[in-house]
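Novice:
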Amino acid sequence: MGEGLKVYGFSISPFTRKVLMTLNLKGIKYDYVEEDLNNKSSDLVRYNPVHKATPVLLHKGNPLPESLIIVEYIDETWTDKPLMPVDPYDRAMARFWANFIDTKLVPSIKVAVLKECEEHEHEKKIEEANQWVKTIEDVLGNKKFFGGEKIGYLDIAAIWLVGWVPPMQEAAGWQLINKEKYPNLSAWTEEMLSHVTVKENLPHRDPLYAYYVWRLSGFKPELTPK
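Encoded structure:
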């Protein structure tokens with residue numbers, strides 16, 4: 002069923018990595034096209050004319066944009082090794098928390114760690130970020146994964162915390178998230194990194210570290226939209 006499947010992506014983007022990780026967790030074969038975001042291909046612009054952004058999944062000639070929409074589509078199309086919860090309420094809540102991660106958690110951590118705010122606002126931004134990190138720490142609780150005993154949709158939605166936060170904090174020279182303050186997230190991160198498919202589908206640390214050093218120097222580029 003993987004025949005005719007292609008992903009247009011940007012390799013250090015967490016949004017692209019969510020899609021690739023989903024495909025690889027399910028053992029689905031696909032072709033991958035790396036995009037240059039400074040010189041986007043005509044295919045990318047054609048397949049995602051609204052955002053002109055990665056990732057885009059092309060399946061049997063049908064293009065689909067936005068990472069979490071793509072993840073759900075893959076999960077519904079290739080039903081082996083399901084990622085979404087079976088119960089409708091649990092599925093709805095997984096979507097709610099995935100949206101929370103993208104719209105509340107990730108932006109607040111970036112602002113706090115990278116100090117992308119006025120100096121007098123920084124302490125307030127740190128408090129806000131800690132509030133949202135504590136929220137997702139409590140959602141995870143003592144579970145091995147957000148999905149229970151196996152990796153699920155919400156674990157993929159939260160992958161930025163695993164692959165991108167460590168090099169960002171290293172570049173910034175301080176830690177918002179650590180084992181002492183957030184033991185549940187720290188244990189979950191270790192579980193994720195011990196999973197072979199997850200580890201193999203994370204970008205290397207060096208380009209991410211360089212990216213955040215560059216960003217800390219005053220540049221505020223976007224890796225890619227959703």
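For what it's worth, our numbering labels the leading residue of the sequence shown as 2, then goes sequentially. Every residue gets a Cβ at the ideal spot worked out from N, C-alpha and C, and that includes glycine.
Taking the DSSP output, what are the residues bridged to K7?
Specialist: For K7, which the question treats as bridged, DSSP gives the partners D32 and L59.
Novice: Any contact between the stretch 139 to 154 and the stretch 181 to 201? By contact I mean 3 or more CB pairs, one from each, below 8 Å.
Specialist: With a cut-off of 8 Å, the stretch 181 to 201 and the stretch 139 to 154 count as touching, because enough Cβ pairs lie within range.
Novice: Which first and last residues belong to the alpha helix (DSSP H) in which F101 is found?
Specialist: Note, F101: alpha helix (DSSP H), P89 to F101.
Novice: Measuring only the C-alpha atoms, how far is G148 from S195?
Specialist: Looking at the two C-alpha atoms, the distance is approximately 16 Å.
Novice: Over the uninterrupted alpha helix (DSSP H) stretch that includes L155, give me the two end residues.
Specialist: First-last of the alpha helix (DSSP H) with L155: Y154 to A158.
Novice: Rounded to whole angstroms, what is the Cα-Cα separation between E153 and I13?
Specialist: Just to set this straight, residue 153 is Gly in the shown sequence, not Glu. Roughly 21 Å separates the two Cα atoms.
Novice: Measure the alpha-carbon distance for G28 versus E201 and round it to whole angstroms.
Specialist: Each residue's alpha carbon lies about 13 Å from the other.
Novice: Rounded to whole angstroms, what's the CA-CA distance from G62 to G5? Just pull it up for me.
Specialist: Roughly 8 Å separates the two Cα atoms.
Novice: Do you know how far the Cα of D37 is from the Cα of F11?
Specialist: Roughly 7 Å separates the two Cα atoms.
Novice: Measuring only the C-alpha atoms, how far is V112 from C118?
Specialist: When rounded, the distance between both Cα atoms is 7 Å.
Novice: How long is the line joining the alpha carbons of A175 and H60, rounded to whole angstroms?
Specialist: Rather than Ala, the amino acid found at residue 175 in this sequence is Trp. Going from the Cα of W175 to the Cα of H60 covers about 43 Å.
Novice: Going by beta carbon distance, what residues of the same chain come within less than 6 Å of D1, once the five residues before and after it are set aside?
Specialist: Only positions 2 to 227 of the chain appear in the structure, and residue 1 is not among them; the question remains open.
Novice: With 16 as the cutoff for other CB atoms within 10 Å, does K82 come out buried or exposed?
Specialist: With fewer than 16 Cβ atoms within 10 Å of its Cβ, K82 is classed as exposed.
Novice: With the cut-off set at 8 Å, would you say A99 and A54 are in Cβ contact?
Specialist: Taking 8 Å as the Cβ cut-off, A99 and A54 do not qualify as a contacting pair.
Novice: Between the beta-carbon of L58 and the beta-carbon of L65, is there less than 8 Å?
Specialist: Going by C-beta atoms, L58 is nearer than 8 Å to L65.
Novice: Comparing alpha-carbon positions, which option in M94, R18, L24 and V51 lies nearest Y74?
Specialist: With distances taken between Cα atoms, Y74 lies closest to L24.
Novice: To the nearest angstrom, how far is the alpha carbon of L1 from that of A95?
Specialist: Outside the modelled stretch of the chain, which goes from 2 to 227, sits residue 1, for which no answer is possible.
Novice: Can you tell me whether L203 is helix, strand or coil according to DSSP?
Specialist: Of the three classes helix, strand and coil, the one that applies to L203 here is coil, per DSSP.
Novice: Would you identify the three-state DSSP class for G149, choosing helix, strand or coil?
Specialist: The answer is strand: DSSP assigns G149 an E or B state.
Novice: Is L115 near W165, with beta carbons less than 8 Å apart?
Specialist: No, the pair does not count as a contact, with Cβ atoms beyond the cut-off.
Novice: Compare the beta carbon distance of I110 and L21 with 8 Å and say whether it is the shorter of the two.
Specialist: The answer is no: Cβ separation not under 8 Å.
Novice: What do you get for V8, buried or exposed, if any count of 16 or more other CB atoms within 10 angstroms of its CB means buried?
Specialist: It counts as buried.
Novice: Assign P83 to one of three DSSP states: helix, strand, or coil.
Specialist: Coil at P83, not helix or strand.
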